[in-house]
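Colleague: Just so it is clear: in the sequence shown, position 43 is 43 by full-length UniProt numbering, and no numbers are missing.
For every residue, glycine included, the Cβ atom is placed at its ideal position computed from N, Cα and C.
Values in this document were obtained by computation on a predicted structure and should not be read as measured data.
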Amino acid sequence: MTDALLVGLAGFARSGKDSAAQALVEGGWRRDAFADRLKDFLIRQNPLVPAHPDTPPYRLVNLIAAYGWEGAKEKFPEVRRLLHTTGSDAGRVTLGEDVWVNALFNDHEPEREALVVSDVRFPNEARAIQSRGGVVIWIDRPGVGPAKDQHGLPYVSEIGLRNWKFDATLMNDGTLEDLRDRLLGVTTLADRYNAAA
Numbered sequence: 001m002t003d004a005l006l007v008g009l010a011g012f013a014r015s016g017k018d019s020a021a022q023a024l025v026e027g028g029w030r031r032d033a034f035a036d037r038l039k040d041f042l043i044r045q046n047p048l049v050p051a052h053p054d055t056p057p058y059r060l061v062n063l064i065a066a067y068g069w070e071g072a073k074e075k076f077p078e079v080r081r082l083l084h085t086t087g088s089d090a091g092r093v094t095l096g097e098d099v100w101v102n103a104l105f106n107d108h109e110p111e112r113e114a115l116v117v118s119d120v121r122f123p124n125e126a127r128a129i130q131s132r133g134g135v136v137i138w139i140d141r142p143g144v145g146p147a148k149d150q151h152g153l154p155y156v157s158e159i160g161l162r163n164w165k166f167d168a169t170l171m172n173d174g175t176l177e178d179l180r181d182r183l184l185g186v187t188t189l190a191d192r193y194n195a196a197a
């Protein structure tokens with residue numbers, strides 16, 4: 001067990017993982033994500049992103065500057081595809097499934113900080129958190145399913161944990177305040193468990 005708390009949040013895209021993480025950040029936790037290193041990697045590559053059939057492509061950094069990551073993924077589906085293919089197909093397959101796990105935990109100081117990881121998507125990521133004394137929580141938002149590619153198939157990163165046994169499941173079926181209160185209740189229980197261990 002670690003002295004500080006470690007929580008991983010899992011759930012489909014738009015389930016409320018970032019909102020839940022923000023509640024912990026407001027309580028003094030540090031937020032991180034496996035995809036943060038992936039995003040840094042893509043920004044350094046700065047690929048061309050196709051826009052519309054009659055317009056030239058845009059550089060990724062310009063789209064991120066204009067819309068942020070979430071807005072760019074919504075307005076330009078190629079951005080979401082780049083994240084999935086670079087992170088899963090290229091990164092995990094070519095460099096090993098722990099490439100993003102190792103990158104994140106290289107920056108983690110468990111004796112000095114409570115950490116919330118806002119994007120747990122694969123079994124090795126969940127195992128990495130649990131093996132360090134952390135808990136993995138599924139955020140379930142009614143009506144939200146896995147993000148799908150241009151062929152209507154779920155991205156592998158959206159369904160990678162479909163058979164995982166989570167430490168807790170939180171329903172995101174109310175207000176942001178409800179989600180925050182539920183998450184804080186679970187993390188308080190985890191803190192008591194870690195203190196007793």
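Relative to the alpha-carbon of G28, which residue among A114, D119, A126 has its alpha-carbon at the smallest distance?
Modeller: Residue 28 sits at position 28 when you count from the first residue of the sequence shown. When each option's Cα is compared against that of G28, the closest is A114.
Colleague: In the DSSP assignment, the beta strand (DSSP E) including G8 goes from what residue to what residue?
Modeller: The residue given as residue 8 occupies position 8 in the sequence shown. Its beta strand (DSSP E) spans residues 6-10.
Colleague: What does a CB cutoff of less than 8 Å around F12 pick up in its chain, not counting 5 residues either side in sequence?
Modeller: Translated into the one-based positions of the sequence shown, residue 12 becomes position 12. R141, V144, G145, P146, A147, E158.
Colleague: Assuming L38 and L83 make a contact with CB atoms under 8 Å, what is their CB distance in whole Å?
Modeller: What you label residue 38 is simply residue 38 of the sequence shown in a count that begins at 1. What you label residue 83 is simply residue 83 of the sequence shown in a count that begins at 1. The Cβ separation is near 6 Å, so the contact holds.
Colleague: Kindly provide the ranges of any alpha helix (DSSP H) runs that are 4 or more residues long and lie completely inside the stretch 24-78, ordered along the chain.
Modeller: Entirely contained in the stretch 24-78, the alpha helix (DSSP H) runs reaching 4 residues are, in chain order, 34-45, 60-75.
Colleague: Pull up the CB-CB distance for Q22 and P77, whole angstroms please, since I reckon it's below 8 Å.
Modeller: Residue mapping note: residue 22 aligns to position 22 of the sequence shown, counting from 1. Residue mapping note: residue 77 aligns to position 77 of the sequence shown, counting from 1. Q22 to P77, Cβ: 26 Å. No contact.
Colleague: In the DSSP assignment, the beta strand (DSSP E) including W138 goes from what residue to what residue?
Modeller: Here the question's residue 138 lines up with position 138 in the sequence shown. Looking at the DSSP string, the run of the beta strand (DSSP E) that includes W138 is 135-140.
Colleague: Start and end of the alpha helix (DSSP H) containing A128?
Modeller: Residue 128 sits at position 128 when you count from the first residue of the sequence shown. 123-131 is the extent of the alpha helix (DSSP H) around A128.
Colleague: Look at G8 and L179 and say whether their C-beta atoms are less than 9 Å apart.
Modeller: Locating residue 8 in the sequence shown gives position 8, counting from the first residue. Locating residue 179 in the sequence shown gives position 179, counting from the first residue. Not closer than 9 Å, so no.
Colleague: For my contact list, D32 and V117 are in at a C-beta cut-off of 8 Å; report their separation, rounded to the angstrom.
Modeller: Along the sequence shown, one-based indexing puts residue 32 at 32. Along the sequence shown, one-based indexing puts residue 117 at 117. Indeed they touch by this definition, with Cβ atoms about 6 Å apart.
Colleague: Kindly list the residues whose CB is nearer than 6 Å to the CB of P50, restricted to its own chain and excluding five residues on each side of it in sequence; keep chain order.
Modeller: On the sequence shown, residue 50 is found 50 positions in, with the first residue counted as 1. Taken in chain order, the residues that qualify are P57, E78.
Colleague: Helix, strand or coil: how does DSSP classify V99 here?
Modeller: Indexing the sequence shown from 1 puts residue 99 at position 99. Residue state, collapsed to three classes: helix.
Colleague: Which residue or residues does DSSP assign as beta-bridge partners of T85?
Modeller: For the purposes of this step, residue 85 is identified with residue 85 of the sequence shown, where counting begins at 1. Answer is none; T85 lacks a bridge partner.
Colleague: Going by other Cβ atoms of all chains shown within 10 Å of its Cβ, with 16 needed for buried, is N46 buried or exposed?
Modeller: Within the sequence shown, numbered from 1, the residue matching residue 46 stands at position 46. When all chains shown are included, N46 counts as exposed.
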